[in-house]
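Chemist: FYI, my numbering numbers position 72 of the sequence shown as 343, with every residue one higher than the one before it.
We treat Cβ as the ideally placed atom computed from N, Cα and C, and that holds for glycine.
This structure is in structure tokens; I'll ask about it shortly.
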Amino acid sequence: MYRDAREAVGMSRDGAAYRLHVGTRTLAYYEAGERTPGPDVVLEMSREYRNPDLTLRYCRECCPIGRTYSYEMLNNID
């Protein structure tokens, strides 16, 4: 999901890592699903990649509140 969003705006991994203030390897881990980024990083990804759905998907899949309450809006995000 994160890699697809980054590639959709034509941003390199190095460029994205710089803009997100994370290491390139850290971003690679996030994109491979080996680590979960914090909400602050996902919010910044959403801004940099111009993709607000990233925050909704994060809430649905990673946030305890989103997972617990499974809001209808969150369930309609692919």
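Could you check whether tyrosine 273 and glutamate 302 sit closer than 8 Å to each other, using their CB atoms as the reference points?
Modeler: Yes.
Chemist: Using the Cβ count rule (16 or more neighbours within 10 Å means buried), how would you classify proline 308?
Modeler: By the neighbour-count rule (16 or more Cβ atoms within 10 Å), proline 308 is buried.
Chemist: Helix, strand or coil for cysteine 330? Go by DSSP, reduced to three states.
Modeler: If DSSP states are grouped into helix, strand and coil, cysteine 330 belongs with the helices.
Chemist: Please report the straight-line C-alpha distance between tyrosine 300 and arginine 306, rounded to a whole angstrom.
Modeler: Straight-line Cα distance between these residues: approximately 5 Å.
Chemist: Report, in whole angstroms, the separation of the C-beta atoms of histidine 284 and threonine 297, which I expect to be a contact under 8 Å.
Modeler: One detail in the question is off: residue 284 reads as arginine in this sequence, not histidine. With a Cβ gap of about 10 Å, arginine 284 and threonine 297 do not count as contacting.
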